[in-house]
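Residue numbers (my numbering): 17 to 128.
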């Protein structure tokens with residue numbers, strides 16, 4: 017084929033849902049997948065972990081624990097990286113607890 021593997025970046029593709037759709041088509045076509053994003057803190061890593069680990073293992077190239085590369089923790093409840101393995105948070109949604117004060121003032125608010 018034209019591609020043996022794809023690196024899907026969540027923010028560049030328009031979010032989790034669009035990335036999942038593209039990932040699913042690529043898996044059906046037999047293409048290897050890596051899910052990443054343009055950032056690297058816990059919020060991004062939680063989304064990447066969920067999409068990566070829900071990709072069939074035989075189509076998953078690798079995942080990167082980008083949240084281990086930053087010094088400011090924007091969320092808690094990320095599972096530890098043990099050896100070369102990373103799990104997914106087990107709470108609702110992405111499974112993390114965001115620390116809003118670290119995100120700064122919102123650019124805009126809807127409904128207030």
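Quick reminder that beta carbons are idealized off the backbone N, C-alpha and C, glycines included.
- Excluding sequence positions up to five before and after residue 38, its CB lies within less than 7 angstroms of the CB of 24, 29, all in the same chain and listed in chain order.
- In this chain, the alpha helix (DSSP H) harbouring residue 34 covers 32 to 44.
- One alpha carbon belongs to residue 112, the other to residue 86, and they sit about 16 angstroms apart.
- In the assembly as shown, residue 52 is a buried residue. Its beta-carbon has 16 or more other beta-carbons within 10 Å.
- Per DSSP, reduced to three states, the secondary structure at residue 119 is helical.
- Going by beta carbons, residue 68 and residue 49 fall inside the 9 angstroms limit.
- Residue 90 counts as buried, since at least 16 other C-beta atoms from the protein chains shown sit within 10 angstroms of its C-beta.
- Of the residues assessed, residue 60 falls on the buried side of the cut-off, its CB having 16 or more other CB atoms within 10 angstroms.
- In the three-state DSSP reduction, residue 101 falls in the strand class (E or B).
- Beta-carbon to beta-carbon, residue 104 and residue 81 are separated by about 12 angstroms, too far to satisfy the 8 angstroms threshold.
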